[in-house]
Every structure is written in structure tokens, then in C-alpha cells.
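*Asks:*
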Amino acid sequence: MIFRKALLSKISFLSVSILLILVSCEKFKGDQTIPAYLHIDSITLSTDDYAIQGSASHNITDAWVYVDDDLVGAFELPATLPVLKEGNHTVTIYAGIKKNGIATTRANYPFFEPIVQTLNLVPDSTLSMGLLTAIYEPETDFPWREDFDDDAISLDTTSRSMVNIEPTPVGSPLTFEGQHSGEVNLDSANDFFECATHLKYSIPFAPVYLEMNFRTTNRLTIGVYVYSGFYVYEVPIMTLFSSDDVWKKIYIDLSTTLNSYYGATFFRVYFGTFKEEGNEPTRILLDNFKLVTRES
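Here the sequence shown stands for residues 2 to 297, numbered as in the numbering used here.
#1: Could you tell me which whole beta strand (DSSP E) segments of length 3 or greater appear in the region 130 to 171?
#2: Pick from Ser155, Thr266, Val185 and Asp245: whose alpha carbon is nearest that of Tyr202?
#3: Can you check which of these residues, Leu78, Lys86 and Asp63, is closest to Gln33 by C-alpha distance?
#4: Would you list, in sequence order, the uninterrupted beta strand (DSSP E) runs of no fewer than 3 residues that lie entirely inside the region 229 to 292?
#5: Given that a residue counts as buried once 16 or more other Cβ atoms are within 10 Å of its Cβ, and exposed if not, what is Arg161?
#6: Among Tyr210, Cys196 and Thr218, which one has its Cα closest to the Cα of Asp188?
#7: Does the region 56 to 64 touch the region 239 to 254, meaning 3 or more C-beta pairs lie closer than 8 Å?
#8: DSSP three-state label for Gln118, please.
#9: Report yes if the C-beta distance between Phe112 and Met163 is below 8 Å; otherwise report no.
#10: My output table needs one value for Ala52: the three-state DSSP class, helix, strand or coil.
#11: If you check the beta carbons only, do Thr75 and Gly97 fall under 8 Å apart?
#12: Do we get a CB-CB distance below 8 Å when we pair Thr159 with the residues of chain D?
#13: For the structure I just gave you, are there three or more beta carbon pairs, one from the region 112 to 129 and one from the region 256 to 275, closer than 8 Å?
#14: What is the rounded straight-line gap between the Cα of Tyr210 and the Cα of Tyr38?
#15: Kindly indicate the opening and closing residues of the beta strand (DSSP E) around His90.
#16: Taking a contact to mean a Cβ-Cβ separation below 8 Å, would you say Asp148 touches Gly179 in this structure?
#17: For His90, which option in Asp69, Ala104, Tyr110 and Thr169 has the closest C-alpha, if you only look at C-alpha atoms?
#18: Between Asn214, Thr45, Glu140 and Asn289, which has its C-alpha nearest Ile116's C-alpha?
#19: Could you compute how far the alpha carbon of Ile136 sits from the alpha carbon of His40?
#20: Provide the residue(s) that pair with Leu211 in DSSP beta bridges, ordered along the chain.
#21: Mind checking His199: buried by the 16 CB within 10 Å criterion, or exposed?
#22: Under a Cβ-count criterion, where at least 16 other Cβ atoms within 10 Å of its own Cβ denotes burial, should Ser244 be classed as buried or exposed?
#23: Starting from the Cα of Ala80, find the closest Cα among Ala52, Leu132 and Thr105 and give me that residue.
#24: Between which two residues does the beta strand (DSSP E) holding Asn60 run?
#25: Which one or two residues does DSSP pair with Ala190 in a beta bridge?
#26: Using a 10 Å radius around the Cβ and a threshold of 16 neighbouring Cβ atoms, would you call Asn1 buried or exposed?
#27: Tell me the rounded alpha-carbon separation between Thr222 and Pro124.
#28: From this set, Asp288, Asn280, Pro282 and Asp254, which residue's C-alpha is nearest Arg107's C-alpha?
#29: So for Gly102, helix, strand or coil by DSSP?
#30: Can you give me the C-alpha to C-alpha distance between Gly183 and Arg284, rounded to a whole angstrom?
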């Protein structure tokens, strides 16, 4: 899909991390020259209430680490990182993601609570933090969720669409989790798909992300209909490319687009694609849609 120039992206991220370490090291006071080390294996996600927060599926790739409010750096996981402090200190970790699935736009996810621990740092010693768990902030709001397990689907195909989105059969190996995922199949006679959320959602004074799991052999465009007075703007945001028929998780930032139209008050999310020529079979699988924002 959009993970092109992967090597360049990793080099760029590593360079940024090294720079952050060097900058933060300058802030440390005293004569300490031998660092203590922290090892972070991975960060997982826990959801408190499935009915509200949905699936715990995630793609947390990085840790943004602070010690006593000093930024140590951003690190791709797993990571072992040096810290020029000793004794008891407050370590704060923000779970990081690849915004829009792009390795060069890594960020700490604004809806996860920071992970805070008081640790005893010992020079020339490695302290393993093991598996860490992130949770959503209490103020996080989920105006729309769709996991395809209810009797009705909250996505409507448009009048132009030649195929529908259907739930996978119970027990199907194509299902990501739960009872069903959403399935779209295209062929040469029915080669266009388009759907949108059934409801419109208010544009908040807060960041807005779309989380989703997908598995596709075809491109899929994701965008929004933005409602501003008598006008409706159809704005594509990004196109997902083939996931090589494996499930992936992505976090799509809708905020910039939603705030680009004067007087805009509501929006709907849409999905659309044409069947790529010579692409057989053409199957798009979707699951665990979440609109994520903060309570206004």
C-alpha cells in the first residue's frame, strides 16, 4: 500500500531519534557519563468496554519516552534506550503510531493515556519494562463504530455502486475477529464499489481519526463528504493499496480536511474503488471502523 520508500523512512526515523537523544542529553545536569538503559519490548492496547471502545486491535509501533518531563526520544519497538540519570525517576511513555500508515509521519496517538512509572535507574544496567499496555483517555469519544456483528450495517452503498458490502459468513476464515467482517467482491461486470456512513457526524473542536482493519487485493479510496451550508464537498483523503491479502491496521487523520472548509459543520466518511484491471480475484475485507475524537 502506501509504505513505499521503507528503507528511507526507517533511516529518517532513526536520524530523528538520534537527534532527539542528542538534544535531550544536553539537558541533563551533572557529571554522569555512563547511562542507564531502558528496554521496551512492545505496547499493546486494552479497551475497557467493547460496546463503547470496540476492538483492542492496534498497530502501536513506537514509544515516545520522557524522563522527568525531558524528552529522551522516539523509538521504534522493540527498543533499548540510554538514559543519563540514576536513582528514582518518573518515566512517561506515549504510544506511537504511523499516522496515515506512513513511516515518515510517526506521532504519539493523541487518544491514548500516557504510561507513567517510577523507576530506579542504575548506570550501566538495563531495566526491562516488558510488555506495556495503553488505554484510551476517559475523554475519548467514539461517534461511529462498525464491526459488522450487528444485524444492520451502518454503511450505505451509493446509487452508483455496482456491488454491496456484505458480512462474511459465520466461521469464515476471512473474518478478522468476532462473528463477521465486511466483504466486497468485484468482477469485470460489477467493477465499482462506493459506500458511506449512514449518519452525518458533527465536526468537533478536536482531532478526528478513523481507525480500521483492512485486507485487500485492490485499491480502496477513503474520504469524507463535508457539509457546509448548502454545499457538500467530496474530499478524498488517501488511497490504500493492496495489503498482499493480509490484515493490517491503520490510523487515518481526518482533522486537517475537516477543518479546511469554512462553516463546515457535519461530515460523513466514504469508501470507493474501481476494480483494477487484471486483478483476480478482487476482494476487499474491512473490520473495526472507529471514528475517534474527544468530547467537545
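The beta carbon of each residue, even a glycine, is placed where N, CA and C say it ideally should be.
*Replies:* The relevant details are as follows:
#1: You should have 141 to 147 and 156 to 158.
#2: In the sequence shown, the residue the question calls residue 202 occupies position 201. Among Ser155, Thr266, Val185 and Asp245, the Cα nearest to that of Tyr202 belongs to Thr266.
#3: For this step, residue 33 is matched to residue 32 along the sequence shown. Distances from the alpha-carbon of Gln33 to those of Leu78, Lys86 and Asp63 put Lys86 closest.
#4: Taking only runs of at least 3 residues, the beta strand (DSSP E) segments lying wholly in the region 229 to 292 are 232 to 241, 249 to 254 and 267 to 275.
#5: Numbered from 1 along the sequence shown, position 160 holds the residue referred to as residue 161. With fewer than 16 other Cβ atoms within 10 Å, it is exposed.
#6: Looking up residue 188 in the sequence shown gives position 187. Nearest Cα to Asp188 within the set Tyr210, Cys196 and Thr218: Thr218.
#7: Touching, per the Cβ criterion.
#8: Counting from one through the sequence shown, the residue named residue 118 turns up at place 117. In this structure, Gln118 counts as strand in the three-state DSSP scheme.
#9: Within the sequence shown, the letter at position 111 stands for residue 112. Within the sequence shown, the letter at position 162 stands for residue 163. No, they are not a contact pair.
#10: Taking the sequence shown and counting its residues from 1, the one referred to as residue 52 is at position 51. Helix at Ala52.
#11: Residue numbering aside, residue 75 sits at position 74 when the sequence shown is read from its first letter. Residue numbering aside, residue 97 sits at position 96 when the sequence shown is read from its first letter. According to the sequence shown, residue 75 is Ala rather than Thr. Between Ala75 and Gly97, the C-beta spacing is below 8 Å.
#12: Absence of chain D from the displayed structure is noted, only one protein chain being present.
#13: Too few Cβ pairs lie closer than 8 Å, so no.
#14: What you label residue 210 is simply residue 209 of the sequence shown in a count that begins at 1. What you label residue 38 is simply residue 37 of the sequence shown in a count that begins at 1. Going by the C-alpha atoms only, they are around 34 Å apart.
#15: Stepping through the sequence shown from its first residue, residue 90 is reached at position 89. Looking at the DSSP string, the run of the beta strand (DSSP E) that includes His90 is Gly88 to Lys99.
#16: Looking up residue 148 in the sequence shown gives position 147. Looking up residue 179 in the sequence shown gives position 178. The Cβ-Cβ distance between Asp148 and Gly179 falls below 8 Å.
#17: By one-based count along the sequence shown, residue 90 stands at place 89. Shortest Cα-Cα distance from His90 to any of Asp69, Ala104, Tyr110 and Thr169 involves Asp69.
#18: The sequence position of residue 116 within the sequence shown is 115, counting from 1. Out of Asn214, Thr45, Glu140 and Asn289, Thr45 has the C-alpha closest to the C-alpha of Ile116.
#19: Taking the sequence shown and counting its residues from 1, the one referred to as residue 136 is at position 135. Taking the sequence shown and counting its residues from 1, the one referred to as residue 40 is at position 39. Going from the Cα of Ile136 to the Cα of His40 covers about 20 Å.
#20: Indexing the sequence shown from 1 puts residue 211 at position 210. According to DSSP, which records beta bridges pairwise, Leu211 is partnered with Ile253 and Leu292.
#21: Here residue 199 corresponds to residue number 198 of the sequence shown, with the count starting at 1. Under the 10 Å beta carbon count, His199 is surrounded by fewer than 16 other beta carbons and is classified as exposed.
#22: Translated into the one-based positions of the sequence shown, residue 244 becomes position 243. Its Cβ being crowded by 16 or more others within 10 Å, Ser244 is buried.
#23: Your numbering for residue 80 matches position 79 in the sequence shown. Selected option, being the one with the closest Cα: Leu132.
#24: Start at 1 with the first residue of the sequence shown, and residue 60 comes out as number 59. Under the DSSP assignment, Asn60 falls outside any beta strand (DSSP E); it carries neither an H nor an E label.
#25: Indexing the sequence shown from 1 puts residue 190 at position 189. None, per the DSSP bridge assignment.
#26: Residue 1 lies beyond the residue range present for the chain, which begins at 2 and ends at 297; the question has no answer from this structure.
#27: Along the sequence shown, read from residue 1 onward, the residue named residue 222 stands at position 221. Along the sequence shown, read from residue 1 onward, the residue named residue 124 stands at position 123. Straight across, the Cα-Cα distance linking Thr222 with Pro124 is about 50 Å.
#28: For this step, residue 107 is matched to residue 106 along the sequence shown. Measuring from the Cα of Arg107, the nearest candidate turns out to be Asp254.
#29: For the purposes of this step, residue 102 is taken as residue 101 along the sequence shown, with counting starting at 1. In this structure, Gly102 counts as coil in the three-state DSSP scheme.
#30: Position 182 of the sequence shown, counting from 1, holds the residue named residue 183. Position 283 of the sequence shown, counting from 1, holds the residue named residue 284. Note on geometry: alpha-carbon atoms of Gly183 and Arg284 lie some 10 Å from one another.
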